[in-house]
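What follows is a set of notes on a single structure, which appears directly below.
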Amino acid sequence: GNSVTQMEGPVTLSEEAFLTINCTYTATGYPSLFWYVQYPGEGLQLLLKATKADDKGSNKGFEATYRKETTSFHLEKGSVQVSDSAVYFCALTGTSYGKLTFGQGTILTVHP
Amino acid sequence: DSGVTQTPKHLITATGQRVTLRCSPRSGDLSVYWYQQSLDQGLQFLIQYYNGEERAKGNILERFSAQQFPDLHSELNLSSLELGDSALYFCASSVVGQTYEQYFGPGTRLTVT
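Chain order of the listed sequences is E and A. So that you can map any letter, position 96 of the first sequence is 96 in our numbering, and since no number is skipped, the others follow by simple counting. Count along the second sequence from 1, then add 1000; that gives the number in our numbering.
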């Protein structure tokens, strides 16, 4: 079945540091890939998505590129802010009517 | 605000009891998904409905059931509750299809004592 593996956390950075959160996946066919973010006490918000190989999703300074050859969708941001502190989830949908398969989540803490 | 509403926000109940969680999807979305978030299992897909009909099932226990009504709101029923059912339950809605993003509600935090 489908699966998503994220880098182990938590990740702690200083403000303005570069962020990478690794995500790799296993899926049959051609999944769509997503990054969701969960702020403390809130639901999940879609951060960005990519629906085919070599697509780059981007939003709020975050980027991720759909790499089919390495089955990866790593999240990057050039300069993080304290307000980016949250839990980040990599996810995919396969062919089964769009249900999401999530990675385990990565806690990001950014210090001033 | 995603446009997806869930009630109640918090629920505390005892083992053996039954509860109902409610979800209203975004206007125009026909598909509703239920997910469970717990510390040990992470985020797990439970069940999906599309326009009133069950479309896909995940790791949903037999003690749990759901339905989607003609006005498209959905309810998740949890019965014979156990301590291990304590979790955050999220509802999401979308236009159907794998390329369409899902919009999540704020969740219902269930505590079973």
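Cβ coordinates follow ideal geometry from the N, Cα and C atoms, glycine included.
Bounding residues of the beta strand (DSSP E) (the contiguous stretch that carries residue i)
i	result
A/Lys1057	1053-1057
A/Tyr1035	1031-1038
A/Thr1121	Since the displayed chain A opens at 1001 and closes at 1113, residue 1121 of chain A lies outside it and no answer follows.
E/Ala64	62-65
E/Asn59	56-59
A/Glu1075	1074-1078
A/Arg1022	1019-1024
E/Val82	Counting along the chain, E/Val82 falls outside any beta strand (DSSP E), and DSSP gives it neither H nor E.
E/Gln38	32-38
A/Leu1088	1087-1094
Own chain partners of residue i with C-beta closer than 7 Å, once the 5 adjacent residues on each side are dropped
i	result
E/Gly78	Phe18, Gly61
A/Ser1065	Asn1077
A/Thr1113	Ile1012, Ala1014
A/Glu1062	none
Under 7 Å from the C-beta of residue i: neighbouring residues of chain E
i	result
A/Leu1043	Phe89, Phe102
A/Gly1003	Simply none; closest approach about 11 Å.
A/Glu1101	Phe34, Leu46, Lys49
Amino acids of chain A, ordered along the chain, whose beta-carbon sits closer than 7 Å to that of residue i
i	result
E/Glu42	Pro1106
Neighbourhood of residue i by C-beta distance below 6 Å, restricted to the same chain and skipping five residues each side
i	result
E/Phe34	Lys49, Ala91
E/Thr65	Lys56
Beta-bridge partners of residue i, as assigned by DSSP
i	result
E/Phe102	E/Ala91
A/Gly1042	A/Ser1038
A/His1010	A/Arg1109
E/His111	E/Ser14
A/Ser1065	A/Asn1077
E/Glu76	E/Thr20, E/Glu63
E/Thr26	E/Ser3
A/Gln1102	Answer by DSSP bridge pairing: none, since A/Gln1102 is not bridged.
E/Ala50	E/Leu33
For residue j and residue i, the rounded distance between their alpha carbons
i	j	result
A/Leu1088	E/Val37	16 Å
A/Leu1043	A/Trp1034	10 Å
A/Ala1014	A/Leu1021	16 Å
E/Thr109	A/Pro1070	43 Å
A/Glu1082	A/Gly1016	7 Å
E/Gly94	E/Thr51	11 Å
A/Ile1049	E/Phe102	One point to set straight first is that residue 1049 of chain A is Tyr, not Ile, in the sequence displayed. Approximately 19 Å between the Cα atoms of the pair.
E/Ser72	E/Gln45	21 Å
A/Thr1005	A/Glu1054	20 Å
E/Lys99	E/Gly29	15 Å
E/Gly1	E/Asp84	32 Å
A/Arg1109	A/His1010	5 Å
A/Asn1051	A/Val1095	11 Å
E/Ala53	E/Ile107	27 Å
8 Å CB neighbourhood of residue i in its chain, flanking five on each side removed
i	result
E/Gly105	Gln6, Gly9, Gln38, Val87, Tyr88, Phe89
A/Gln1037	Leu1043, Gln1044, Ala1087, Leu1088, Tyr1089, Phe1090, Gly1107
E/His111	Thr12, Leu13, Ser14, Glu15, Val82
A/Ser1027	Gly1003
Cross-chain neighbours of residue i in chain E, by beta carbon under 9 Å
i	result
A/Gln1036	Per Cβ cutoff of 9 Å: no residues; A/Gln1036 is ~11 Å from chain E at best.
A/Phe1090	Gly43, Leu44
Contacts that residue i makes with chain E (C-beta to C-beta distance below 8 Å)
i	result
A/Ser986	Look at the range of chain A in this structure, 1001 to 1113, and you will see that residue 986 of chain A is not part of it.
A/Ser1093	The contacting residues do not exist; A/Ser1093 stays about 11 Å from chain E at best.
Residues that residue i contacts on chain A, provided the C-beta gap is smaller than 8 Å
i	result
E/Gly105	Gly1042, Leu1043
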